[in-house]
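If you read the sequence shown in our numbering, its first letter stands for residue 1417, the second for the next number, and so on.
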Amino acid sequence: MSSHDAGKYKTPTPPISLRLLRPPFNRSLSPIMRVSTVTGLLVGFLAHSAFAVGADQAVVPGGYRSTANIHEIPAGGSLARVGTEIRVIAADGTVVHTAPVPAGRTKKAKSLTPRFPWNSGWVTFAFWHNTAGSPISSFATTWEVPPVPETNHGQTVFLFNAIEPSAEDAILQPVLQYGPSGAGGGAFWAVASWYVGEFDTFHTTVVPVSTGTILNGLMTLTGSNATAGTFDYNSQFTNIPGTSLNITGIAELTVPTETLEAYSVSNATDVPAGSTVFSNITLEVSSGVTPALSWSQRDNDAADGFSTTIEVDGPTDAQIRITY
């Protein structure tokens, strides 16, 4: 999204990551790609997928990354932010990998100048900024695995609830995916939990799921350190074993979202038909006081019919529909 677009969205402003990391569609593509109602789909997604992508890169939630910076968390393992690095820790406590936190970044940063050109394909989404003064302690969402797309052209579709920090240089999320990603996958639906940072990306092992499966995506606050100003979280599908991701020592997560994200879509039938309903959306804060929450929505490709509808608003049992 270009800087002049940001002024169109007054209250609240879309997350920084969405304003700075989602580049404008490439209008220089061949007119052949703009023949039908798949205009924005072809122009937008192909522009995103073609942007600075090399043979050593793979798609993850948030864009394309070097495969050297995509890390699977061992079964029963966890992540820990310690000083200037993030550690991947095996179930027995052994540190199996360390990834540096980009120099110059701090937990309290309020702006983002990405060193890697994130080219996220967020298509349509709902979001809220927590300014209640109490950390989000739980964020739950239920949805059903949709039918597989009618056609397969190597595209990737992500559906998820997620939370970002105020700096919006990272995201924690239990993700449903169709197609390939840096975690694996293919022409089938699969789930995993992800923590995507500015440079490095971490995920649990992908678990295939079938159309019609009910998913319960949950993120919870599991601890905090008042002296360090850091927080600990868990992300998982509560009904899918092997999807639990624990991370400690990171910044407070303040921006919850419900999102459709996609890459390399070349046809309207490359995405599921109909719509997906995120239901039983419930958000709690540590104080125990029910937050005054009103969801906002943003459509990046309304011209092709993609939309987010807030059907039931509020912090408890909300319902949000993503229409393809």
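Backbone N, C-alpha and C define an ideal beta-carbon position, used for all residues, glycine too.
In this text the structure is predicted, and so the values were computed from the model without any measurement.
Can you find a C-beta in chain B that's less than 8 Å from the C-beta of residue i?
i	result
R1481	The question asks about chain B, but that chain is absent: this structure has only one protein chain.
Apart from the five residues on each side of it in sequence, which residues of its chain come closer than 6 Å, Cβ to Cβ, to residue i?
i	result
S1527	With a pLDDT of 35 at S1527, under the threshold of 50, the modelled position of that residue is not reliable, and the figure given next carries that caveat. Answer for S1527: no residue qualifies.
T1706	P1731
E1727	Q1735 and R1737
H1513	H1487 and V1504
S1640	F1647
P1490	A1506
A1525	At A1525, the pLDDT of 39 sits below 50, so the modelled position is not reliable and the matter cannot be decided from this model.
Are the CB atoms of residue i and residue j nearer to each other than 8 Å?
i	j	result
A1678	V1539	yes
E1488	H1619	yes
Q1735	F1694	yes
T1627	P1565	no
V1671	F1543	yes
T1725	N1577	no
D1717	T1567	no
P1688	F1615	no
A1667	P1581	yes
G1645	V1622	no
Kindly indicate which residue of the options has the alpha-carbon position closest to the one of residue i.
i	options	result
D1733	T1557, V1681 and T1654	T1557
T1659	G1478, S1494 and P1477	S1494
M1635	F1647, V1625 and V1564	F1647
F1574	T1692, L1661 and P1490	T1692
L1669	L1631, T1567, N1546 and I1630	N1546
T1629	N1650, G1601, F1722 and N1655	N1655
A1484	A1471, L1588, I1587 and A1491	A1471
I1738	T1675, S1553 and N1716	T1675
I1552	Q1571, T1567 and I1579	I1579
P1596	G1479, G1645 and V1612	G1479
R1497	S1582, G1613, R1481 and L1709	G1613
S1680	G1509, V1504, A1506 and Q1571	Q1571
Q1589	S1712, N1650 and D1508	N1650
F1722	Y1594, F1541 and A1603	F1541
N1662	Y1611, D1715, A1644 and N1683	Y1611
T1698	W1559, G1509 and G1499	W1559
R1714	G1537, S1682 and G1492	G1537
G1509	G1492, A1515 and A1684	G1492
Would you mind sorting residue i into buried or exposed? The rule is 16 or more other CB atoms within 10 Å of its CB.
i	result
T1638	exposed
V1511	exposed
G1665	buried
D1720	buried
Y1740	buried
E1584	buried
S1550	exposed
A1708	exposed
G1633	buried
G1690	exposed
Take residue i and list the residues in its own chain whose beta-carbon comes closer than 7 Å to its own, dropping the five residues that flank it on each side.
i	result
I1387	In this structure the chain extends from 1417 to 1740, so residue 1387 is not present and cannot be described.
S1482	D1472 and Q1473
Compute every distance between the C-beta of residue i and the non-hydrogen atoms of the ligand MN, then say whether any falls below 7 Å.
i	result
I1656	The ligand MN is not part of this structure, which contains no ligands at all.
Kindly list the residues whose CB is nearer than 8 Å to the CB of residue i, restricted to its own chain and excluding five residues on each side of it in sequence; keep chain order.
i	result
V1625	V1561, L1592, W1605, A1606, V1607, L1631 and I1656
S1710	W1544, D1729 and G1730
A1603	V1564, N1568, Y1594 and G1595
Quick one: any contact between the region 1684-1702 and the region 1603-1620, if contact means 3 or more CB pairs under 8 Å?
-> Contact between the region 1684-1702 and the region 1603-1620 is absent, because fewer than three Cβ pairs lie under 8 Å.
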